[in-house]
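Asker:
In my numbering, the protein residues as written are 285 to 589.
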């Protein structure tokens with residue numbers, strides 16, 4: 285489609301160049317050659333009569349007008365993606381639809397795995413795509429490419445609607461035959477032990493517990509760090525190590541793990557998990573249906589939240 289000699293592919297290239305500040309990175313993301321993206325940038329410069337970006341070292345820096353174009357292009361692409369997904373009605377029993385959801389493996393285990401049997405009955409043609417929590421998924425949500433995110437309060441995206449799903453607290457998990465811990469432990473003992481922790485790395489912001497510990501200058505003696513909440517338990521059996529774990533994740537573990545839980549000795553605040561969706565999807569009937577299903581499942585699973 286062309287509008288005044290500007291087609292949609294050029295707008296897609298413009299958004300990628302301005303977001304990534306690199307023709308090479310934009311070409312890789314768009315599955316195009318670098319010369320093709322350079323040619324797109326040349327056409328955009330001619331069309332708008334502005335350099336749009338200039339080199340600053342090895343990266344590109346948008347011009348003042350380029351910054352305006354980035355905001356406009358992002359909004360236009362979000363609205364176009366949403367427009368392409370619109371249908372006259374949404375019948376869950378007959379519709380084939382994919383919902384993409386940013387969520388941790390903790391949320392997948394305690395909320396979405398129990399939701400799947402309901403989904404299979406009510407909407408057999410619906411597919412869920414679980415998206416890992418990381419910096420690229422942040423950008424995809426902001427661009428409107430991802431339908432939902434399930435995230436704690438402190439990580440909510442500005443300007444987008446959300447609904448609280450559930451709250452949870454933390455327990456301290458250790459080997460069943462731990463030689464030094466009975467039914468409880470002091471904060472001093474807890475801090476003297478070695479820990480299995482989650483560490484997601486990259487540019488991600490860390491878990492609720494990680495961020496709280498960082499905010500309060502609490503340093504743990506780390507025996508092992510893992511990129512998954514579900515892996516914490518596997519790394520504790522037969523060791524003198526301890527781990528801080530969501531209570532609902534602990535309760536979801538099968539009997540006979542060789543582990544036990546004691547009250548957490550530190551005042552870790554409860555975590556509140558929220559369902560968030562992009563503002564352009566606020567009135568999408570399929571999004572409203574799935575949102576209500578997730579909220580209903582969360583209330584059934586966490587009645588005291």
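Glycine included, each C-beta is placed from N, C-alpha and C at the ideal position.
1. State the start and end residues of the unbroken alpha helix (DSSP H) segment that holds residue 292.
2. Report yes if the C-beta distance between residue 511 and residue 484 is below 8 Å; otherwise report no.
3. Is the segment 435 to 451 touching the segment 555 to 567 in the sense that three or more CB pairs, one from each, lie closer than 8 Å?
4. For residue 396 and residue 432, I'd like the C-alpha separation in whole angstroms.
5. Quick one: Cα of residue 438 to Cα of residue 345, how far?
6. Looking at the strands, I want to know which residues DSSP matches up with residue 344.
7. What first and last residue would you give for the beta strand (DSSP E) that runs through residue 570?
8. Taking 8 Å as the threshold (C-beta atoms), are residue 541 and residue 517 in contact?
9. Taking the Cβ atom as the reference point for each residue, do residue 394 and residue 589 lie within a distance shorter than 8 Å?
10. Sort 457, 443, 414, 376 by Cα distance to residue 548 and report the nearest one.
11. Residue 465 and residue 521 - do their beta-carbons sit closer together than 8 Å?
12. For the alpha helix (DSSP H) containing residue 446, name the first residue and the last one.
13. Let's see if you can read the secondary structure: which residues bound the alpha helix (DSSP H) around residue 420?
14. If you draw a straight line from the alpha carbon of residue 408 to that of residue 377, how long is it in whole angstroms?
15. Spell out the partners DSSP gives residue 527 in its beta bridges.
16. Contact check, residue 428 vs residue 564 under 8 Å by CB: the rounded distance?
17. Can you give me the Cβ contacts of residue 523 inside the same chain, cut-off strictly under 7 Å, excluding the 5 residues immediately before and after it?
18. Between the alpha carbons of residue 572 and residue 578, how many angstroms are there, rounded?
19. Taking 7 Å as the limit between beta carbons, can you name the residues of its chain near residue 322, skipping five residues before and five after?
20. List the endpoints of the continuous alpha helix (DSSP H) containing residue 322.
21. Taking 8 Å as the threshold (C-beta atoms), are residue 434 and residue 404 in contact?
22. Could I get the ranges of all uninterrupted alpha helix (DSSP H) runs contained in the segment 478 to 505, with 4 residues as the minimum, in chain order?
23. Cβ of residue 310 within 8 Å of Cβ of residue 304?
24. How many angstroms separate the CA atom of residue 442 from the CA atom of residue 359?
25. Going by DSSP, what residue range makes up the beta strand (DSSP E) through residue 436?
26. Are residue 455 and residue 529 touching if we call contact CB-CB under 8 Å?
27. Residue 473 by DSSP, collapsed to three states: which one?
28. Taking just the CA atoms, how far does residue 478 sit from residue 355?
Answerer: Looking at the atomic coordinates:
1. Taking the chain shown and counting its residues from 1, the one referred to as residue 292 is at position 8. First-last of the alpha helix (DSSP H) with residue 292: 292 to 304.
2. For the purposes of this step, residue 511 is taken as the residue at position 227 of the chain shown. For the purposes of this step, residue 484 is taken as the residue at position 200 of the chain shown. Contact: yes.
3. yes
4. If you number the chain shown from 1, residue 396 lands on position 112. If you number the chain shown from 1, residue 432 lands on position 148. About 13 Å.
5. Locating residue 438 in the chain shown gives position 154, counting from the first residue. Locating residue 345 in the chain shown gives position 61, counting from the first residue. Their backbone Cα atoms lie some 30 Å apart in a straight line.
6. For the purposes of this step, residue 344 is taken as residue 60 along the chain shown, with counting starting at 1. Answer is 339.
7. Position 286 of the chain shown, counted from the start, is the residue given in the question as residue 570. Segment 569 to 585 is the alpha helix (DSSP H) holding residue 570; no beta strand (DSSP E) there.
8. The residue given as residue 517 occupies position 233 in the chain shown. The residue given as residue 541 occupies position 257 in the chain shown. Result yes, Cβ atoms of residue 517 and residue 541 sit closer than 8 Å.
9. Walking along the chain shown from the start, residue 394 turns up at place 110. Walking along the chain shown from the start, residue 589 turns up at place 305. Contact check for residue 394 against residue 589 fails: the beta carbons are separated by 8 Å or more.
10. Position 264 of the chain shown, counted from the first residue, corresponds to residue 548. The candidate whose alpha carbon is nearest that of residue 548 is 457.
11. Sequence index remark: in the chain shown, residue 521 carries index 237 (1-based). Sequence index remark: in the chain shown, residue 465 carries index 181 (1-based). For residue 521 and residue 465, no; Cβs fall outside 8 Å.
12. Position 162 of the chain shown, counted from the start, is the residue given in the question as residue 446. First-last for residue 446: 446 to 452, but that is the beta strand (DSSP E), not the alpha helix (DSSP H).
13. Working through the chain shown from its first residue, we reach residue 420 at position 136. Residue 420 -> alpha helix (DSSP H) spans 419 to 426.
14. Indexing the chain shown from 1 puts residue 408 at position 124. Indexing the chain shown from 1 puts residue 377 at position 93. Between residue 408 and residue 377, the C-alpha separation is close to 7 Å.
15. Residue numbering aside, residue 527 sits at position 243 when the chain shown is read from its first letter. DSSP lists 457 as partners of residue 527.
16. In the chain shown, the residue the question calls residue 428 occupies position 144. In the chain shown, the residue the question calls residue 564 occupies position 280. Correct: roughly 6 Å between the Cβ atoms.
17. Taking the chain shown and counting its residues from 1, one reaches residue 523 at position 239. Cβ neighbours of residue 523 beyond the five flanking positions: 459.
18. Counting from one through the chain shown, the residue named residue 572 turns up at place 288. Counting from one through the chain shown, the residue named residue 578 turns up at place 294. So the alpha carbons of these two residues sit roughly 10 Å apart.
19. As a first step, residue 322 must be located in the chain shown, where it is residue number 38. Around residue 322: 307.
20. As a first step, residue 322 must be located in the chain shown, where it is residue number 38. That run of the alpha helix (DSSP H) goes 318 to 332.
21. Numbered from its first residue, the chain shown carries residue 404 at position 120. Numbered from its first residue, the chain shown carries residue 434 at position 150. In this structure, residue 434 does not lie closer than 8 Å to residue 404 by Cβ.
22. 492 to 499
23. Here residue 310 is taken as the residue at index 26 of the chain shown, counted from 1. Here residue 304 is taken as the residue at index 20 of the chain shown, counted from 1. Contact: yes.
24. Locating residue 442 in the chain shown gives position 158, where the first residue counts as 1. Locating residue 359 in the chain shown gives position 75, where the first residue counts as 1. Per the coordinates, the alpha-carbon of residue 442 lies some 15 Å from the alpha-carbon of residue 359.
25. For the purposes of this step, residue 436 is taken as the residue at position 152 of the chain shown. Taken as a continuous stretch (DSSP letters only), the beta strand (DSSP E) holding residue 436 covers 432 to 436.
26. The sequence position of residue 455 within the chain shown is 171, counting from 1. The sequence position of residue 529 within the chain shown is 245, counting from 1. Yes. Within cutoff.
27. As a first step, residue 473 must be located in the chain shown, where it is residue number 189. Here residue 473 sits in helix by DSSP.
28. The count along the chain shown starts at 1 and reaches residue 355 at position 71. The count along the chain shown starts at 1 and reaches residue 478 at position 194. Near 47 Å, if we compare the C-alpha coordinates of residue 478 and residue 355.
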